[in-house]
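According to this note's numbering, the stretch in the sequence shown is residues 26 to 197, in order.
Heads up, the thing below is written out as structure tokens.
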Amino acid sequence: DVNNYAFKYGKPGSMMQSLTYDAQSATFYGLVKAYSEATDGYETVIYTVEVETGALTEVARYAEEYAAVVSDGKGALYVIKTTMNDKFQPVPSLWKLAADYSVEETATVENTELGVMYSDANSCVASADGTKIYYITGTQVNVFDLAAKTFTTVGETDKLVYGLANALGTED
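So this is what it looks like as structure tokens:
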């Protein structure tokens, strides 16, 4: 259980930031922001999640902080990395993961200007056709368009959204 390490010795522990389901491989993935004693900071760990038991198996560890992991439902995984703009707003960009879970060198959708709402309530889900990644921060709905290579804000929700999931099809 990833939360077994939370606040060990008064220091921040680990917390699951994001979950996604890849229909191509029938695999759940989770992204954890984990405290590192070595750096006295955070690193990111991606796990596969065994749905029957909740067991986590580490598949990748990064010195960089990523906000979320999301699958396009067709076998590709992406991570979202945020930087700060000159207005001190989080500015997210989308990065594809290679088959070995390494982060590709160039952002899939690079955003350098459009800031998003700061929130610990972040959710991601892909469109049914896998061409868009919806990224909700607090109540703000944003879209990474994989074909157009753009990031836009498309609206607001009435309430905070803490989790989204791709629904399994009627064949399942």
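Heads up, the beta-carbon is just placed ideally off N, CA and C, and yes, glycines get one too.
In the DSSP assignment, what are the bridge partners of residue i?
i: Q165; result: T162 and E181
i: D47; result: T52
i: L171; result: Bridge partners of L171: none, in fact.
i: V60; result: Correcting the residue type first, residue 60 is Tyr in the shown sequence and not Val. The partner list for Y60 (beta bridge, DSSP) reads Y67.
i: Y6; result: What is shown of the chain runs 26 to 197, which leaves residue 6 out entirely.
Residue i and residue j: beta carbons closer than 9 Å?
i: S148; j: A101; result: no
i: P117; j: K106; result: yes
i: D170; j: T182; result: no
i: E83; j: E68; result: no
Can you have a look at residue i and say buried or exposed, based on whether 16 or more other CB atoms are within 10 angstroms of its CB?
i: S43; result: buried
i: T108; result: exposed
i: L185; result: exposed
i: A59; result: buried
i: A111; result: Note on identity: in this sequence residue 111 is Asp, with Ala being the wrong assignment. Flag for D111 reads exposed.
i: G180; result: exposed
i: A151; result: buried
i: D154; result: exposed
i: V70; result: buried
i: V141; result: buried
i: V76; result: exposed
i: F176; result: buried
i: D65; result: exposed
i: G79; result: exposed
i: T137; result: exposed
For residue i, does the three-state DSSP call read helix, strand or coil?
i: G66; result: strand
i: E90; result: coil
i: E135; result: coil
i: L119; result: strand
i: S148; result: strand
i: F113; result: coil
i: V104; result: strand
i: T82; result: strand
i: T156; result: coil
i: M41; result: strand
i: S127; result: coil
i: V95; result: strand
i: V74; result: strand
Does the beta carbon of residue i come closer than 9 Å to any beta carbon on chain D?
i: A63; result: Absent from the structure is chain D; it holds one protein chain and no more.
Mind checking whether the beta-carbon of residue i lies closer than 8 Å to any heavy atom of the ligand ATP?
i: S61; result: Absence of the ligand ATP is noted for the structure shown, with no ligands found whatsoever.
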